[in-house]
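Peer 1:
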Amino acid sequence: MARRVNRKQKPDNDFFLLTVTIGINTSKTCKKLLNAFGMAEKIIIVKNVSKKFPKILALNNLSFEVEAQTCFGFLGPNGAGKSTMMNIIYGKCTRDKEPESRMSIFGYDPKHEELKIKYLAGVVPQDNNLDDELNVIQNLMIYSKFYDIEAKVAKKRISYLLDFLELSEKANSRITELSGGMKRRLVIARALLNNPRLLILDEPTTGLDPQVRHLIWDRLRLLKKEGTTILLTTHYMEEAFQICDTVMIMHNGQRILEGPPRELLSKNIEKYVLELLDADAMQDLFNGALQKHVRIDRSQHVLRLFSNDFEYLRTLAGSMAGENYYLRQTNLEDVFLKTTGRGLNETQ
Ligand SMILES: Nc1ncnc2c1ncn2[C@@H]1O[C@H](COP(=O)(O)OP(=O)(O)O)[C@@H](O)[C@H]1O
Ligand SMILES: [Mg+2]
């Protein structure tokens, strides 16, 4: 598979020259130098991308960049535009024609060079699209043919990937015999067949139990360590926190916040929260008695008091009868709810 970009194949637009030059041909030494000068390799550059479907503006002028060998996560409620963005990156969906919109994936524009991107990327779509007529190995073998992988090489690679995703025992099973977690792991194995430089995962662990989720997180961490760049969508805050280097919180097709998960926390929310699980009973108790540094967020039955002053929250909690409260550090879910609100939209 071509790792070098032939000048003739290079996008005709000079805008991407730097990305292509340093993105594809970089030696290890050169990479270190670039990092030292803060010029880390950008594998994905997206500028001013929008997508309008007949009834909805799914993406509204979105821009972001993804550095090589990092994990970039899109976090957002259903209908936020996450899948649409992923689909545009690998050419399954086209962005709106707008003069200011630009995209570079390994130096290629998915609008015109979808196949070149597909060769360098592996995709785990939101829905498992496995062939129920075939067994596990056959599903992988048929895909290896799309990539022109020689049968002998493919067999070896499949055996390695089944082992990597703990599916070896299921090699000859029919797809209908697999659990949800096994099917998801098989789709991940399939996406890794061509040893991709970029792995795109659309909700890789939705609906899976904690064991499978943790196994997938472990494998993704390993792949990243070995040099794969990962792009994923999720609505599990914990997943974003565990494996993403950068997270973009999306809502209604727009970027709400972007940054490393820890930084999103430190910049956007108080450090601690006291959750009172019987909001009605507690409301009177705290009315007027709160310090001005406490932010109150009330949902139907829970009252949340946010503050950076842990001792103060602990004293409040200690003054309460019973144990109908929970004092904890804030997390990405709190940031998410603070920035996108608690209301549901029609697609949720
Ligand atoms: N092919 C399509 N045709 C029309 N509307 C679409 C299509 N794909 C997505 N949408 C709409 O675009 C919005 C964003 O969808 P999507 O990108 O799937 O969101 P997410 O992945 O964040 O849940 C939703 O309102 C969805 O209904
Ligand atoms: Mg989606």
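Counting in this note's numbering, the sequence shown runs from 1 upward without gaps.
Where a beta carbon is used, it is the ideal one built from N, C-alpha and C, also for glycine.
All values reported here derive from a predicted model rather than from experimental measurement.
1) Could you say if the stretch 132-149 and the stretch 103-110 meet the contact criterion of at least three C-beta pairs nearer than 8 Å?
2) Output needed for Leu313: all residues of its chain with C-beta closer than 7 Å, excluding positions within five of it in sequence on either side, in chain order.
3) Suppose you measure from the CA of Leu257 to the CA of Lys82; what does that come to, to the nearest Å?
4) Helix, strand or coil for Leu17, going by three-state DSSP, please let me know.
5) Could you pull out every unbroken beta strand (DSSP E) segment of at least 3 residues lying fully inside the stretch 137-168, listed in chain order?
6) So, helix, strand or coil for Leu337, using DSSP?
7) Could you check the C-alpha separation between Lys51 and Lys338 for me, to the nearest Å?
8) Out of Phe74, Lys55 and Leu232, point me to the one whose CA is closest to Leu62's CA.
9) Regarding Lys51 and ligand 2, is the C-beta to nearest heavy atom distance less than 7 Å?
10) Work out the CA separation of Leu162 and Lys152 for me, nearest whole Å.
11) Reducing DSSP to helix, strand and coil, say where Lys52 ends up.
12) Do Thr315 and ligand 2 come close, with the Cβ less than 7 Å from some heavy atom?
13) Are the beta-carbon atoms belonging to Val136 and Leu167 less than 8 Å from one another?
14) Would you check whether ligand 1 has a heavy atom nearer than 7 Å to the C-beta of Ala58?
15) Count the other CB atoms within 10 Å of the CB of Lys116; is the residue buried (16 or more) or exposed (fewer)?
16) In whole angstroms, give me the CA-to-CA distance for Asn129 and Gly76.
17) I need the DSSP call for Leu226, collapsed to helix, strand or coil.
18) Tell me which residues share the same chain as Arg174 and place their Cβ nearer than 6 Å to its Cβ, disregarding the 5 neighbours each side in the sequence.
19) Alpha helix (DSSP H) containing Arg185: first to last residue?
20) On the three-state DSSP scale, how would you describe His214?
21) The beta strand (DSSP E) spanning Ile105 covers which residue range?
22) Would DSSP call Met248 helix, strand or coil?
23) Going by C-alpha distance, which of Gly253, Leu215, Leu201 and Leu140 is nearest Thr340?
24) Flag Thr70 as yes when its Cβ comes closer than 7 Å to any non-hydrogen atom of ligand 4, and as no otherwise.
25) Would you say Thr58 and Thr84 are within 8 Å of each other, going by their C-beta atoms?
Peer 2: Taking the geometry as given:
1) In short, these stretches do not touch, since the Cβ pair count stays below three.
2) For Leu313, where only same-chain residues beyond five positions count, the Cβ hits under 7 Å are Tyr272, Leu274, Leu305, Ser307 and Leu327.
3) Leu257 and Lys82 have their C-alpha atoms spaced approximately 14 Å apart.
4) Annotation note: pLDDT 38 at Leu17 (below 50); position unreliable, coordinate value reported separately. In the structure shown, the three-state DSSP call for Leu17 is helix.
5) Listed in chain order, nothing qualifies, since the stretch 137-168 has no complete beta strand (DSSP E) run of 3 or more residues.
6) The answer is helix: DSSP assigns Leu337 an H, G or I state.
7) In a straight line, the C-alpha of Lys51 is about 26 Å away from that of Lys338.
8) In terms of Cα proximity to Leu62, the closest of Phe74, Lys55 and Leu232 is Phe74.
9) Not one heavy atom of ligand 2 falls within 7 Å of the beta-carbon of Lys51.
10) Taking the straight line from one Cα to the other gives about 16 Å.
11) Reduced to three states, the DSSP call for Lys52 is strand.
12) No - ligand 2 has no heavy atom lying nearer than 7 Å to the Cβ of Thr315.
13) Yes, the Cβ-Cβ distance between Val136 and Leu167 is below 8 Å.
14) Within the cutoff, so yes.
15) Its Cβ being crowded by 16 or more others within 10 Å, Lys116 is buried.
16) Approximately 23 Å between the Cα atoms of the pair.
17) According to the sequence provided, residue 226 is Glu. The question's Leu does not apply to it. Glu226 falls in the coil class under three-state DSSP.
18) Closer than 6 Å at Cβ, skipping near neighbours: Asn135.
19) Where Arg185 is concerned, the enclosing alpha helix (DSSP H) starts and stops at Gly180 to Ala191.
20) Look at His214 here: in three-state DSSP terms it is helix.
21) Its beta strand (DSSP E) spans residues Arg102 to Ile105.
22) Reduced to three states, the DSSP call for Met248 is strand.
23) Residue Gly253 is the option with its Cα nearest to Thr340.
24) Among the ligands modelled here, namely ligand 1 and ligand 2, ligand 4 does not occur.
25) Per the sequence shown, the amino acid found at residue 58 is Ala instead of Thr. It is a contact, given that the beta carbons lie within the stated cut-off.
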